[in-house]
Amino acid sequence: MASGSGVAALVVAACAPKIGGSGSDSTVAPTSSLAPGTTVPATGGPVDVEISMRAINDRVEIRPGGESEVWRLVAEVTDGDASAVVPVGESYLGPTLHFRRGQRVRIVFDNELSEETIVHWHGLDVPEDMDGHPRFAVPNGGRYVYEFTIENRAGTYWYHPHPHGRTGPQVYAGMAGFLIVSDDEEDALSLPGGEFDVPMVIQDRAFDGDRLVYMRNGMMDQMIGFLGDEVLVNGQPDAAFPVVPRSYRLRVLNGSNSRIYKLAWDDGTPLTVIATDGGLLAAPVERPYVTLGPAERVDLWVDFASVPSGSDRRLVSLPFDAPQMGGMMGGRSSLPNGAAFDVASFTVAGAAASTDPLPPVLSDLGLASIDEATNPDSARTIVLAMARGSWTLNGRTFEMTAVAPEETVRLGTTEVWEFFNAGGMGGGMMGGGMGGGMGGGLAHPMHMHGQQFQVLDRTIDDDGRAAWETVSGGYVDDGWKDTVLVMPGERVRVLRRFTTFPGLFLYHCHNLEHEDMGMMRNFRIDPA
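Using the numbering used here, read the sequence shown as starting at 578 and increasing by one per residue.
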């Protein structure tokens, strides 16, 4: 195992942002935190599954013949169903966690890194002190005990670190993994399972020879968002999957720091989408391509029976007009945002196997109605813009526990929120050559913690329309979402229930460099 000095060079010396402030806000210990060496969780009580999870330094071979130092999340079941933790092949990424709706889960997390960290269960609806807020960040040698019930419907979720100012470097260094929830409704559908259910996290990375490098351009990468030169799937370059001629379920996660994907089949076959961030759709939908911003997920159903044996079908990312900030997109990566490239190949071989047909009806979504909203005609508007050299939300950046009056909601209510991407200095254009390209701004994938939301509608201004139309045909706004891509000049209205847990939660841009710069805010759910 590595000492971690190489990782320090990777994620500290590479111009990554530092955690601000010298006070104790970023390391506040929650009541459920335990001292190192303690074996009995403070919360106590019976659970269905208990897992030990550690953040560690490690060395792995990503490219043949060379080793990179990475940071990893490793886990093992200490009580309960051993199948709750499944490694992802030879990948350095975290194992896939498998839970069922209704299970009580305990995860004992130990931080063995040289800096503080905390784990966020992306997409899960959990109490505030279980959500991975950066105010609960765990120092080196510290422990945090998570304990919560799986309330979410079946779906493809994930987990990753969430310390303020260091999320981007830590995710990039390897700290992420899938979290898959199952339930009785999904089980009844006989969707492809086992070896025919394939999680795929897509991430772009940069190498110096065989060694991972990060943030080669310092402040420019922070402003724009990091883009690598090579696309990895499940931590592996040149991803290739052997398949048999039958149906498969591909769970696709955009785990990149900032890259947008325009996913399609190389032969033009439409993509069949059966689920998004919040689980199954009401029925399958087809798209010529799927636009996937950072942190967004789709589950694809594909039948390889129509592909001749020995042939390949390739999942590719098609070209599109990427949002830009003037000339700041140039000279950073040999694979710029909006470029065309291969993502993964699937080689069909073997005899035809028994297959799972595509169900015409998938799920009862239980969607909210606009009639439930306390503000159906006056959405809370969140303006995404550049101000004073930082990306902001309504002109503000992150403060550890601060909440503005308009960021307070009441438990038991349903509201309409609108995300408006105003581009540059609050209105689409910045001076000094910072404008241009889709209204002079960048795309922002907006994520809300806690309960998921549904997309009501989208509108786009005239300046951004031409480029917006190169990706908008790939939006899948059906069903439940926790992250939504908002292009420059675009307004996206979402409907969100606030009906489960009170407390302090986050909403932020999931371009991780933007988040680390402070494009993140708290919202508070006050008891009814």
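Glycine is no exception: its CB is placed at the ideal position from the N, C-alpha and C atoms. Here the structure is a predicted model, which means the values were calculated and not measured.
Euclidean distance between Cα positions of residue i and residue j
i: residue 975; j: residue 826; result: 38 Å
i: residue 930; j: residue 1098; result: 50 Å
i: residue 626; j: residue 1067; result: 43 Å
i: residue 617; j: residue 697; result: Here residue 617 scores only 40 on pLDDT, less than 50, and its place in the model is too uncertain to base an answer on.
i: residue 848; j: residue 858; result: 14 Å
i: residue 1106; j: residue 643; result: Since the first residue of the chain shown is 578 and the last is 1105, residue 1106 is not available in this structure.
i: residue 1029; j: residue 1036; result: 21 Å
i: residue 814; j: residue 999; result: 36 Å
i: residue 1050; j: residue 878; result: 19 Å
i: residue 915; j: residue 869; result: 12 Å
i: residue 874; j: residue 977; result: 28 Å
i: residue 745; j: residue 1093; result: 7 Å
i: residue 1101; j: residue 759; result: 30 Å
i: residue 772; j: residue 1022; result: 31 Å
i: residue 788; j: residue 920; result: 21 Å
i: residue 1104; j: residue 987; result: 6 Å
i: residue 895; j: residue 838; result: 8 Å
i: residue 1054; j: residue 852; result: 10 Å
i: residue 1072; j: residue 950; result: 8 Å
i: residue 797; j: residue 933; result: 48 Å
i: residue 979; j: residue 807; result: 39 Å
i: residue 623; j: residue 685; result: 14 Å
i: residue 1074; j: residue 991; result: 4 Å
i: residue 1061; j: residue 639; result: 31 Å
i: residue 960; j: residue 971; result: 5 Å
Helix, strand or coil at residue i [DSSP, three-state]
i: residue 568; result: Because the chain in this structure spans residues 578 to 1105, residue 568 falls outside the shown range and cannot be described.
i: residue 964; result: strand
i: residue 748; result: helix
i: residue 684; result: strand
i: residue 982; result: helix
i: residue 883; result: helix
i: residue 659; result: helix
i: residue 1051; result: helix
i: residue 953; result: coil
i: residue 819; result: strand
i: residue 997; result: strand
i: residue 713; result: helix
i: residue 870; result: coil
i: residue 1097; result: strand
i: residue 959; result: strand
i: residue 971; result: coil
i: residue 1085; result: strand
i: residue 863; result: strand
Which residues DSSP lists as bridging residue i, in chain order
i: residue 852; result: 857, 876
i: residue 1080; result: 1102
i: residue 919; result: 893
i: residue 652; result: 630
i: residue 803; result: Answer is none; residue 803 lacks a bridge partner.
i: residue 645; result: 637
i: residue 847; result: Answer by DSSP bridge pairing: none, since residue 847 is not bridged.
i: residue 699; result: 735
Bounding residues of the alpha helix (DSSP H) (the contiguous stretch that carries residue i)
i: residue 764; result: 761-764
i: residue 1093; result: 1089-1094
i: residue 639; result: Unbroken run through residue 639: none, as it is neither H nor E.
Test: residue i CB closer than 8 Å to a CB of chain D
i: residue 970; result: Looking for chain D here will not work: only one protein chain is present.
Nearest candidate by alpha-carbon position, reference residue i, set the options
i: residue 898; options: 828, 937, 1045; result: 1045
i: residue 913; options: 802, 743, 668, 700; result: 802
i: residue 1041; options: 972, 997, 841; result: 997
i: residue 695; options: 1030, 722, 669, 704; result: 722
i: residue 1070; options: 1032, 729, 683, 684; result: 1032
i: residue 866; options: 1047, 995, 856; result: 1047
i: residue 660; options: 650, 1057, 648, 677; result: 677
i: residue 1084; options: 709, 622, 928; result: 709
i: residue 680; options: 650, 861, 652, 725; result: 725
i: residue 778; options: 871, 805, 940; result: 871
i: residue 646; options: 640, 634, 673, 794; result: 634
i: residue 649; options: 656, 637, 1065; result: 637
i: residue 652; options: 641, 687, 639; result: 687
i: residue 720; options: 963, 845, 864, 689; result: 689
i: residue 691; options: 833, 791, 714, 952; result: 714
Extent of the continuous beta strand (DSSP E) to which residue i belongs
i: residue 774; result: 774-785
i: residue 1031; result: 1030-1037
i: residue 1025; result: 1021-1025
i: residue 789; result: 788-790
i: residue 674; result: 673-677
i: residue 665; result: Element bounds for residue 665: n/a, residue is neither H nor E.
i: residue 724; result: 720-726
i: residue 824; result: 824-831
i: residue 839; result: 838-842
Residue i CB to nearest heavy atom of the ligand FMN below 7 Å
i: residue 828; result: This structure does not include the ligand FMN; it has no bound ligands of any sort.
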